[in-house]
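Protein chains in written order, with the working numbering: chain W, 131 to 454; chain H, 424 to 665.
Okay, structure coming up:
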């Protein structure tokens, strides 16, 4: 069965200029008190790998479900590949690949049976689109008769991705595919996304892990239903313009508090074995050293620090007064 | 000073499968110790032995000075445990959870009443005291879980993947609570597979296929492996270059 859109109007609209995803002023409320999305706008270009980055409860899943036509927005416009989510939901459903946050394959079917099942409901065969999933499927092949429910976390994700790709979608919507997966599997998963992107598939992927931002072409940082910033990850990081130092001493807990009491401090947050100290005005490290020595700190080490996406996110949260 | 945890060739087999293979390490009192490993590397099995929930096949271990073969009940009384997956009862309120765990820990009524007040005020959760845990934000749940896990003032607290999914500020507030507890002498044993979390630990061990493949401070491990982050260290250990 051909899956290309037959409506000539729709056909005309799908050109390279049509964004893979358009979201304009989308709002969604649950009940009276929860505003899950508050006038969210973003655009994902054809062939772009776009990250939706924010903590649990930020609205990531709600937005992805609206785009997957599983949930209706209260207000605003959203379209996938030019198809409007309310009117053209059938087109969208047959042309997107969607991986929900919760593992939702058939646990009692084998790897092979799951893939066959998804190919069949989309009116295609594994053989027809094998090229697209080959890289991923070869890793699953040794387990092809194993029940999906018995796979490891990383393998489940790979199978879910295969099932989402088997009908050759034009847009992939991936809701937290790397949550709860170990670092090796996470890395492999992102390598797969990169290869899919190179094949021209637009990908919207959500994640609560800030360090994954650098693997995307562009990212939207989202918190409490609102977008904090949309840009290339490097640009978001370079937007952090305060002097930043990495400081450590032998007493981390006291250090954090002492730094917060320092007069030129803008913020002081633990970052691994250091505290990132951002300053309201440039200060000689010697002055900070002397201040800490005066507070009886030992093992003092101060060096310039590169801002990370987390520094930028926290700064944007603070500016937007989004801290609990 | 007696170490908070010692393990000497601690081993657990399930039939022919060796889940934990002769691990040996010590955790000092007041240390924040990261216990890392890929899915299936044996972290959970090792931790269950240390918690007195699973009997080792071979080797020795003691936790808070108690033996993991003979004194498992003592161990349970002297440790705290928190996991992201399960720690609080969702259908009880914040206050009821504190009361419930106070009872489980066998604290006297007066102490429980004191803890309810102290803990809620300490966390600034007055507005949520009567709210069902399922309706409070995840960040608050994590902070509350941690406070409850240490309300009986255990010498050691085990944190099983504690901080996933929260915003970076909330996450740091959580780590500040951990630093505070450690600065007061509590030993903190953290399992996680998020390597940036590992960077907060004083020392970390990395398990690969049931063995401890590396153990040192994050800084020393990064130097040893010529890596810029713990994530790189981890990837080198678990996915050797072919």
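Each residue gets a CB set at the ideal place from its N, CA and C atoms; glycine is no exception.
Could you tell me the distance, in whole angstroms, from the CA atom of residue 228 of chain W to the CA atom of residue 618 of chain H? Rounded to the nearest angstrom, the two C-alpha atoms are 28 Å apart.
By DSSP, does residue 328 of chain W sit in helix, in strand, or in coil? helix
Does any CB atom of chain W fall closer than 9 Å to the CB of residue 428 of chain H? no
What are the boundary residues of the alpha helix (DSSP H) that residue 196 of chain W is part of? 190–197
Apart from the five residues on each side of it in sequence, which residues of its chain come closer than 6 Å, Cβ to Cβ, to residue 165 of chain W? 159 and 355
Quick test of your reading: residue 584 of chain H and residue 614 of chain H, contact by CB under 8 Å. State the CB separation rounded to the nearest angstrom. At roughly 6 Å, the Cβ-Cβ gap stays under 8 Å, so residue 584 of chain H and residue 614 of chain H are in contact.
In chain W, which residues lie with their C-beta within 7 Å of the C-beta of residue 454 of chain H? Near residue 454 of chain H there are no residues of chain W at all, since even the closest Cβ is about 12 Å away, more than 7 Å.
Residues near residue 440 of chain W in its chain [Cβ-Cβ closer than 6 Å; skip 5 each side]: 340
So, for residue 337 of chain W: in the same chain, excluding its five sequence neighbours on each side, which residues have a beta-carbon less than 7 Å away from its beta-carbon? Within the same chain, residue 337 of chain W has close Cβ partners 181, 183, 306 and 308.
May I have a chain-ordered list of the alpha helix (DSSP H) segments no shorter than 4 residues that lie completely inside the segment 229–291 of chain W? 241–251 and 260–270
Using beta-carbon positions only, say whether residue 259 of chain W and residue 225 of chain W come within less than 9 Å of one another. Their beta carbons are not under 9 Å apart, which means residue 259 of chain W does not touch residue 225 of chain W by this criterion.
Please report the straight-line C-alpha distance between residue 553 of chain H and residue 518 of chain H, rounded to a whole angstrom. 6 Å
Whose C-alpha, out of W/365, W/287, W/314 and W/255, is nearest the C-alpha of residue 656 of chain H? The candidate whose alpha carbon is nearest that of residue 656 of chain H is W/314.
Own chain residues within Cβ distance below 7 Å of residue 665 of chain H, not counting five before or after: Because residue 665 of chain H carries a pLDDT of 47, less than 50, the predicted location of this residue cannot be relied on, and no value is offered for it.
At a Cβ threshold of 9 Å, is residue 150 of chain W touching chain H? no
Contact between the segment 566–578 of chain H and the segment 167–179 of chain W (3+ Cβ pairs under 8 Å): no
What three-state label does DSSP hand residue 443 of chain W in the structure shown? Residue 443 of chain W falls in the helix class under three-state DSSP.
Cβ neighbours of residue 195 of chain W in the same chain (closer than 6 Å, five flanking residues each side left out): 201
Give me the Cβ distance between residue 491 of chain H and residue 475 of chain H, rounded to the nearest whole Å; I'm assuming they're in contact under 8 Å. 6 Å
Residue from W/178, W/210, W/347 and W/155 with nearest C-alpha to residue 331 of chain W: W/178
Proximity below 9 Å, CB of residue 459 of chain H to CB of residue 627 of chain H: yes
Contact between the segment 545–562 of chain H and the segment 460–475 of chain H: three or more CB pairs below 8 Å? no
Taking Cβ positions only, does residue 353 of chain W come closer than 9 Å to chain H? Answer yes: the Cβ-Cβ gap between residue 353 of chain W and chain H drops below 9 Å somewhere.
Note down, in chain order, all residues in the segment 616–636 of chain H with a beta-carbon under 7 Å from any beta-carbon belonging to chain W. 616, 618, 619, 622 and 623
Within the continuous alpha helix (DSSP H) that includes residue 444 of chain H, where are the two ends? It is not in any alpha helix (DSSP H) - residue 444 of chain H instead sits in the beta strand (DSSP E) that spans 440–450.
On the three-pair Cβ rule with 8 Å, is the segment 352–368 of chain W touching the segment 376–387 of chain W? Cβ pair count under 8 Å is below three, so no.
Minimum Cβ-Cβ distance from residue 588 of chain H to chain W less than 9 Å: At a cut-off of 9 Å between C-beta atoms, residue 588 of chain H counts as an interface residue with respect to chain W.
Taking the alpha-carbon positions, what's the residue 433 of chain H to residue 488 of chain H distance? 16 Å
Of all the CB atoms in chain W, is at least one closer than 9 Å to the CB of residue 438 of chain H? no
Within 9 Å (strictly less), CB to CB, does residue 665 of chain H reach chain W? Here residue 665 of chain H scores only 47 on pLDDT, less than 50, and its place in the model should not be relied on; the value that follows carries that caveat. No, because no Cβ of chain W sits closer than 9 Å to the Cβ of residue 665 of chain H.
Any beta carbon from chain H within less than 9 Å of residue 250 of chain W's own beta carbon? No, no contact with chain H.
Chain H contact residues for residue 317 of chain W, given Cβ-Cβ distances below 7 Å: 658
Burial state of residue 312 of chain W (16 or more Cβ within 10 Å): Residue 312 of chain W comes out buried.
Burial state of residue 596 of chain H (16 or more Cβ within 10 Å): buried
When you compare the CB of residue 265 of chain W with every CB in chain H, is at least one pair closer than 9 Å? no
Closer than 9 Å, CB to CB, is residue 370 of chain W near chain H or not? No, residue 370 of chain W does not count as interfacial toward chain H.
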